[in-house]
Structures are given as C-alpha cells and as structure tokens.
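Residue numbers (my numbering), protein chains in the order written: chain U, 54 to 623; chain F, 124 to 385.
Note that the Cβ used here is the ideal one computed from N, Cα and C, for glycine as well.
If you're wondering where the values come from, they're calculated on a predicted model, not measured in any experiment.
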Amino acid sequence: MKTFSVNTNQHAVSAQEVTFTYHGADRPALQAVTFTQNAGEMIGVMGASGAGKSTLAKCLNRIVPEFEDGDFRGAIRIAGEPLEQLRVCDVAPKVGMVFQDFESQLFSTNVAHEVAFAMEQVGMDRAEMDRRIMPALEAVGLRGFEHRDPMSLSGGEKQRLAIASVLALRPSVIVLDEPTTDLDPEGRAEVFELIKKLRAQGLSLIVIEHESEELRAADRIVVLREGQIAADGPPSEVFARTELLRECGVRPPGLGHALELLGIEAQPKSVEQAYDAIVRAYPRLATNVVSNVADPSERAMPSGPAFIGIENVSFSYAGGPRVLDSIDLKVEAGEFLAIVGQNGSGKTTLAKHIVGLLQPATGRVTIDGKNRAQMRPAETARAVAYVFQNPDHQIFAATVEDEVAFGPRNFGLPDDEIRRRCDEALEAVGLQNERQSDPFMLSKGERQRLAVASVLVLRPRMLILDEPTTGLDHREQLRMMALVRDLNRAGIAIVIITHTPWLVAEYARRVVLMRKGAKIFDGGVREFFMQDELLRSSSFRAPEITELGRRFGTLALTTGEFVAWIKERA
Amino acid sequence: MPIYLYIDRGTFVHRLHPTVKVFALFIMFWSVYWVDNPIALLPVGLVMLWIAQLTDSWPNFYRLRWLFAILVFTTTIAWMVFYRRGAVLVNVPVFHVSRLSLVFGFGRGIKLAELLAASVLFLSTTKIEEFTYGLQRMRVPYRVSFAISLSFRLVPLFIDSAVTIVDAQRLRGYDFNQGGPIERVRRYVPVVIPVFMGALRKANNMAMALETRGFGFSHEPTTFIEYPVTGADVLAFAFLIGLGTLNFMLYWTGLGGIGPLK
C-alpha cells in the first residue's frame with residue numbers, strides 16, 4: 054500500500070481563539086476555540102447538532118469566513134502557515150476536506166479523472182498527475198476502478214473516491230465531516246477501515262462523527278458544546294465522562310457505559326477488553342456461559358390477521374433487474390418492525406409498494422384485507438403513512454401549522470376538524486410551540502418530527518419511516534425514537550427502514566432482512582442478532598453490548614438489560 | 124436506471140475531438156434553424172439517425188420517446204391555432220386546419236424534435252470533461268465552460284429529486300391533476316419550493332466542495348486527458364461545414380421554407 058509522508062516538525066493545525074458568528078445569529082457558532090493538532094495525530098470531533106463541529110471544520114480551509122457571511126476572529130495556521138488572506142482554493146493543497154454529501158463532491162465521469170480534478174485545478178503537469186493517481190486509488194482500495202463512472206459506485210466507494218481525490222494533492226491535514234452519515238453498514242465499515250489505514254500511515258486527520266465507537270482509535274477527542282470546547286483528551290479519558298457526554302448530546306460508548314454502571318473503572322476499546330475487565334471483577338462469570346440464549350416466546354412472528362399482506366410480490370424498474378423477488382410478508386396491526394439490508398437490497402422499493410407509489414409486476418398487496426390496487430389514494434393514505442428519509446422532500450409551507458394542515462386540506466376535512474387534528478399531531482411530536490415558525494428555520498431533528506406530524510395528522514394505522522434518524526445527533530435520535538415508540542404504544546403499527554443496529558435492538562420487536570430483492574430473514578430481534586453468519590454476510594453488526602452479552606451467554610439488547618443480567622449473577 | 128445520458132462506447136464519434144463535438148452540436152442547431160419545411164429537414168434528420176445507430180444511442184431516444192411525441196404533436200396542434208393561412212380542409216372551431224398550417228406546424232414540431240435529438244446525441248457521446256474542454260478551446264472562459272457542462276450533470280439529479288417530492292405530496296392526498304391549465308401549474312408550488320430549496324442547498328454544497336478541490340486556484344487549469352486531433356476530426360469538421368452550408372443554401376434558395384407549398 055502506498056504511504057504518504059508527513060512533516061512532523063510543525064503542528065499540523067493550530068487554532069488560536071477562533072470565534073465565528075454567523076450573520077444574524079444571536080450567539081457565536083464558535084467561541085474562543087483554541088487547540089493544536091500534532092502532525093500525524095487523529096482527532097475526533099463530537100458534539101450535538103449546532104455545537105459548532107462543521108463550522109470548525111470549515112474554518113480550517115477558509116470556507117468560513119469566505120463562503121459564510123459573518124464575523125470571524127482569531128488565527129489558524131496549517132503546518133505553521135497562517136491562513137489569513139487566503140482563498141478557499143489556495144488552502145486546497147494544504148487541507149483536504151471530505152463532506153457528508155458524496156453526490157455533491159464528485160464532478161467527473163471517470164474515477165481516474167475525478168482523482169485528477171484537484172490536480173488539474175492547481176495546474177499540475179500531466180506526468181505528475183499520472184504519478185499520483187494510482188497511489189491515491191491504491192491507498193483507498195479503488196485500484197482497478199480507474200475507468201468506472203463515479204455515479205456507478207456504491208456509497209462507500211464514492212466516499213473512498215472523494216478521499217482519494219484529496220489524498221492526491223498530498224495535503225498536511227484531511228478533515229472528514231461526518232463522512233459516513235449517508236452510508237449503509239458496509240459503506241461505513243469501508244470508510245472507517247480506510248481511516249484506520251490512513252492514520253497508521255501518519256496522516257493528520259480530523260474526523261467529525263456522531264458514533265463514539267468509531268472514534269475509539271483516535272488520539273484525541275474534542276467535544277464541542279455551544280461553540281466551546283467542553284472536553285479535549287484521549288478517548289479513554291473523554292469517554293469515561295459519560296454525564297458530560299450526555300449533556301453535550303453525545304452517545305457514550307455502550308461498553309464503557311456498561312462497565313461504569315457495573316462499577317468497573319476501564320475504558321475498553323473492544324468487546325474483548327470489556328469482557329476481560331468484567332471477568333477480572335467477577336471471576337465466576339467466566340464459566341457461566343449458556344449456549345442457547347434465544348427465548349422462543351420472544352419471537353415476534355405475527356399469528357393474527359394481517360393488516361398489511363404482501364403476497365408473492367416481484368418488481369423491476371423498466372428494463373432493469375428484479376428489485377423485489379417473490380416477497381411474502383405479513384404485518385399485523387400495532388407491530389414494530391424493522392426492515393434492514395444493504396443499499397439497493399429493496400427495502401424502500403418494498404415500502405413504496407405498501408403505500409401504492411409502485412405497483413407490483415406480480416403478486417398483490419392488501420391493506421386490512423382489501424386489495425391495495427383497488428383502493429383510492431385517499432383510503433391508502435389514511436391507512437398507511439410514509440415518512441421520507443429527507444424531510445426536506447415535502448416541506449414547502451410558510452408555517453409549521455400550514456405544513457401539517459396540508460394533508461387534511463387535500464382530503465377536504467372541515468376547518469375545525471383540521472385545527473383539532475393539527476393540535477393533536479403537533480402535540481404528539483412536541484412542536485406545539487412552533488406552529489407559526491417557518492419550517493425551513495427549524496433544526497433537522499425538528500423538521501424530521503414535522504414530517505411525522507404532517508402524516509400523523511391523517512391518523513394512519515401504520516407509519517413507515519425511512520431512515521428516521523439519519524443526520525440527527527444522539528439527543529435528537531432519542532427524541533425521535535421516543536416519539537415513534539409512543540405512537541406504537543398508542544396502537545399505530547411502525548415499520549422503520551434503518552441501518553442502525555442499536556436502533557433495531559432497542560426499539561423493534563421483529564426484523565426483516567433483505568438482500569438483492571429477497572427476504573432472507575424474518576423473525577424476532579433476539580433471534581436475528583444470533584444469526585452470526587447472516588449478519589456477517591449482510592455487513593450488519595449486532596450492537597457491541599449485544600456481542601458482549603453473548604460472550605457471557607446472554608443476549609442483551611440494551612446496556613440496562615446487560616447490566617441487570619450481570620448484577621443478578623455476580 | 125441510469126440518470127445520465129452518456130453511453131460509454133468506443134465508436135469513432137465518441138473518440139472525436141471535444142471541439143469537433145461542440146462544433147457538431149452548433150452545426151446541427153444552425154442547420155435546423157434555417158429550414159422550416161419538413162422535407163428539407165430530412166437531411167439533418169437522416170444524419171442524426173445515422174449517428175444514433177452508429178453510437179448505439181437508441182436507449183436514450185427510447186427513454187425520451189414520449190417527450191419527442193409530445194413535442195411534435197402539441198407543436199403541430201398549436202400552430203393550427205396561430206398559423207391561419209391556406210384553404211381550410213376541415214371546419215373545426217378555434218383551429219385553422221389547412222394543408223399549409225399542417226405542414227408549417229409539423230415542420231416546427233420536427234424542428235424542435237431535431238434540436239432535442241441533437242442534444243441527446245451530444246450528451247450520449249460526450250463526457251462533461253470533454254464538453255468543458257471543447258468550450259474552452261472555443262475561447263469560452265474556464266469558469267463559464269465548467270459551469271455550463273456541470274449544469275448538464277445536475278439536471279438529472281434535480282429531476283430525480285422532483286420525482287421523490289411529487290411522491291411525497293401525493294402520499295399526503297395531493298392531486299396534481301385538478302382544475303384547468305393555470306390551476307394545474309399553480310398546483311406544482313408544493314413541488315417547486317422543495318426542489319428549489321434542495322437545488323440551492325446542493326449548489327452551495329457543490330460550490331464548497333469545488334473550491335476545496337482547488338477550483339479557482341489557477342485561471343488556466345491543466346488537463347489530465349490529452350485530446351489529439353486526428354484525421355477523423357478533420358473529416359468530421361469538413362462534413363459538418365458541408366452540412367451547415369447545405370442547410371443555409373436551402374434557406375437562401377427558398378427550398379427550405381414552406382413557400383413552394385403555397
């Protein structure tokens with residue numbers, strides 16, 4: 054593998070008293086932030102949405118203040134050179150930046166050309182470009198992809214290509230701003246594997262990420278809160294401050310938190326280390342392994358009448374391969390089902406068949422016993438509602454209240470009924486005080502809840518949520534899922550399409566795993582997390598706490614469950 | 124389903140110098156511009172059919188078949204309302220159905236279809252990097268040529284997002300087909316606003332990503348791919364000059380108009 058040399062004589066990054074206030078904002082997004090990064094160091098930056106993580110990243114390559122209108126103070130040096138007076142493009146050879154939205158950072162029709170793009174911009178000659186392209190592609194594991202169209206790559210490959218294109222300029226620092234948010238588990242694993250390799254080569258990396266487990270390998274963790282550094286230190290120290298992490302909207306690593314609840318002082322970096330620490334504290338647990346941990350009574354297979362019936366449904370887009378292949382599925386009223394699988398496995402296509410956005414080529418879909426093909430759209434919308442992954446795909450009204458009222462108005466409900474339903478829906482999602490707010494000014498989490506309210510107002514009996522927590526910080530994720538759980542408890546059947554293992558473990562009661570358009574697993578959550586081979590081949594991992602539990606012979610879905618089980622036996 | 128029109132093949136049209144391809148697009152537009160008569164539009168049409176066959180571009184024409192049909196049909200009908208010349212063949216209220224209005228309207232429809240076909244052929248055989256390079260060689264500033272070529276890559280992304288937004292609003296019971304023509308246009312507001320906001324966001328993200336890759340660092344960026352001028356380029360250039368001249372002569376002599384049909 055090609056390695057990239059770094060200059061270790063200087064701080065890779067030095068930020069002194071950096072303060073930035075966006076135009077019109079009532080408080081600074083960053084406030085007197087001071088930190089240094091040694092050459093070859095990997096820093097993980099964490100914090101809630103709005104804490105200043107992305108603003109900090111953008112300061113390092115002059116996007117702030119060049120692109121963003123506002124007041125910038127302080128000084129930043131990259132490898133000893135001050136950035137003042139430089140344009141964003143002047144900083145490009147020094148600081149590489151990889152964004153969350155991979156579609157927006159690929160501009161070429163050919164992988165090799167994509168890598169060459171930045172080199173062309175800085176006026177590099179063709180011979181030098183030729184010398185740099187293959188090592189950059191090799192470093193990210195894309196050798197052999199030179200002639201592929203970037204748009205034909207998977208999400209993980211696209212993000213690795215984006216990294217290759219910044220590597221080719223050989224910058225002093227690479228900043229990755231939530232690079233895996235939009236990726237499936239396989240894509241996430243690919244990118245974090247690459248980050249590990251780059252770190253091992255001594256590249257200076259700054260990685261912004263919500264999942265603390267992924268940053269355990271960092272040299273330092275910087276936690277931001279309201280634009281200020283709330284914690285800065287090695288992962289073992291920062292992750293041990295679970296209370297502070299929670300206050301900052303960061304999910305503490307499950308393993309460390311479990312050990313803390315058991316009164317064991319340790320910050321394990323792996324399931325193995327956590328297991329060893331527990332066994333040292335409670336030696337008699339080491340032999341207490343139970344071979345079969347699945348409780349058949351907890352299997353969540355439906356036995357009653359189907360609310361949604363999918364019978365032998367197959368589907369292909371015009372001229373394309375089969376996207377759904379002979380799917381049979383039954384969902385009962387009041388169920389909580391998670392549909393998982395890699396990108397392109399057919400999850401969303403299946404959901405679109407349920408709500409009537411797509412018609413099956415063969416087979417049929419029934420809703421409450423009626424053939425969906427014969428139901429009017431209004432009837433379907435009142436039975437099953439669908440919340441798209443991106444709430445911005447539906448928001449258009451001037452106020453939150455109008456946005457929510459849009460659906461009932463389309464169905465011609467009387468004004469007083471619309472008002473009553475809007476109150477009820479806004480109350481349910483906790484936006485009752487925002488009814489006159491501009492929806493575009495809400496946070497991503499609030500917009501996601503608004504999207505739920507705008508379909509909830511139709512009083513559906515089932516809610517399908519496509520990746521409901523993508524792009525939300527931990528606090529917003531918990532709030533969103535608490536809402537979903539409450540709706541389920543109120544009798545609404547829930548189907549979530551997700552890539553997030555802990556979400557499946559903590560909330561769902563039944564899992565359907567899709568692969569290449571086929572349903573390859575349908576059963577209870579505990580049973581699902583016991584299917585080692587199936588999980589591995591689908592690039593889906595059980596939460597670490599579940600893996601740790603299995604080492605002891607139990608199948609815990611949450612930290613609380615695991616700790617209770619250990620305490621009972623210790 | 125691919126959202127871009129480029130079809131990666133190694134045909135001689137694909138291998139032509141980018142400047143020749145941009146020039147070919149210009150000549151096709153030029154040729155179509157001067158001629159009104161459907162029969163006189165035939166030579167350009169035949170050249171396009173030949174290129175489509177040669178470059179294996181039929182899948183793109185198939186994808187857009189309804190757009191071609193709608194263009195020709197609605198244009199023919201519309202001109203029967205506005206082009207009120209020639210002896211009426213059939214009495215239909217509002218319409219002026221004459222041989223002349225039919226030929227004129229159909230000619231206009233074919234003209235639009237040929238303009239669309241020229242664009243489809245160009246995008247089927249030209250990568251955006253080639254488009255940028257071709258424009259640059261024609262003295263268009265790099266920033267402008269890059270923006271033009273990138274916009275072609277963005278349009279399919281916006282269409283994709285518009286389809287999702289239409290789906291989202293339909294699921295909230297919205298009927299896009301209610302009311303008369305003006306009301307129907309107005310009813311697209313719940314689609315236009317999210318598409319516009321999404322486009323702004325995407326354009327902003329893209330602008331940031333471009334600058335962080337050094338866009339703007341140099342006024343004259345280098346090019347990774349070499350585009351040598353070959354004998355095929357010279358031949359194609361000569362052929363295009365001939366085609367452009369022929370169509371201008373059709374106009375000049377009046378053979379390209381619909382005058383002789385009067």
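Contact between the region 321 to 334 of chain U and the region 293 to 310 of chain U is present: 3 or more CB-CB pairs across the two stretches fall below 8 Å.
In the three-state reduction of the DSSP assignment, U:E94 falls in the coil class. Residues of the region 293 to 313 of chain F whose Cβ lies closer than 9 Å to any Cβ of chain U, in chain order: R293, L294, R295, G296, Y297, D298, V312, P313. Rounded to whole angstroms, the Cβ separation of F:G228 and F:M203 is 6 Å, and the two are in contact under 8 Å.
Per DSSP, U:E264 lies in no beta strand (DSSP E) and is assigned neither H nor E. Distances from the CA of U:M583 to each of U:G602, U:S205, U:N424 were compared; the closest alpha carbon is that of U:G602.
Between the region 197 to 208 of chain U and the region 154 to 170 of chain U there are three or more C-beta pairs closer than 8 Å, enough to call the two in contact. Taking the beta carbon of F:L273 as reference, the chain U residues within 7 Å of it are F160, listed in sequence order.
DSSP places U:Y560 in the helix class (H, G or I) of the three-state scheme. At least one C-beta of chain U is nearer than 9 Å to the C-beta of F:Y129. Fewer than three pairs of CB atoms, one per stretch, sit closer than 8 Å, so the region 179 to 187 of chain F makes no contact with the region 283 to 295 of chain F. One Cα belongs to F:Y374, the other to F:V158, and the distance between them is close to 6 Å. For U:K405, the secondary structure class from DSSP, reduced to helix, strand or coil, is helix.
A Cβ of chain F is located within less than 9 Å of the beta carbon of U:M204. Put simply, the CB of F:K325 is near chain U, with a gap under 9 Å to one of its CB atoms.
In this structure, U:Q84 keeps its C-beta atom at 9 Å or more from the C-beta atom of U:E246. Taking the Cα of U:A558 as reference, the smallest distance to any Cα among U:R542, U:Y75, U:G576 is reached at U:G576. In this structure, the alpha-carbon of U:E520 lies about 24 Å from that of U:S379. Spatial neighbours of U:L518 in its own chain (CB-CB distance under 6 Å, excluding positions within 5 residues in sequence) are listed in chain order as V440, I549.
For F:K144, no CB of chain U lies under 9 Å from its own CB, so it is not counted at the interface with that chain. When DSSP states are grouped into helix, strand and coil, U:V510 belongs to the coil group. Straight through space, the alpha carbons of U:D526 and U:T74 are spaced by roughly 22 Å.
Rounded to the nearest angstrom, the Cβ distance from U:R273 to U:E94 is 7 Å, consistent with a contact under 8 Å. Within chain F, the residues whose beta carbon sits less than 7 Å from that of U:A145 are T335, R336, G337, F340, listed in sequence order. DSSP lists U:V228 as the bridge partner or partners of U:M150. Taking a C-beta distance under 9 Å as the contact criterion, F:S284 and F:P313 do not qualify as a contact pair. Taking all protein chains shown into account, U:Y370 has fewer than 16 neighbouring C-beta atoms within 10 Å of its C-beta and is therefore exposed.
DSSP places U:E134 within a strand segment (E or B) once states are collapsed to three. Unbroken beta strand (DSSP E) runs of no fewer than 3 residues, entirely contained in the region 430 to 490 of chain U, are found at 437 to 440, following chain order. Distance from the Cα of F:G380 is smallest, within the candidate group F:P166, F:G303, F:K144, F:P161, for F:P161. Membership of F:L187 in any alpha helix (DSSP H) is not indicated, and neither H nor E is assigned to it by DSSP.
Take the alpha-carbon of U:E191 and the one of U:E173: they are about 20 Å apart.
The beta-carbon distance between F:F205 and U:V175, rounded to whole angstroms, is 55 Å. This is too long to meet the 8 Å contact definition.
Across the structure, U:L314 and U:K147 are spaced so that their CA atoms are roughly 44 Å apart. Approximately 6 Å separates the beta-carbon atoms of U:G208 and U:D235; this is inside 8 Å, confirming the contact. Pairing F:I348 with U:F160 gives a Cβ-Cβ distance that is not under 9 Å.
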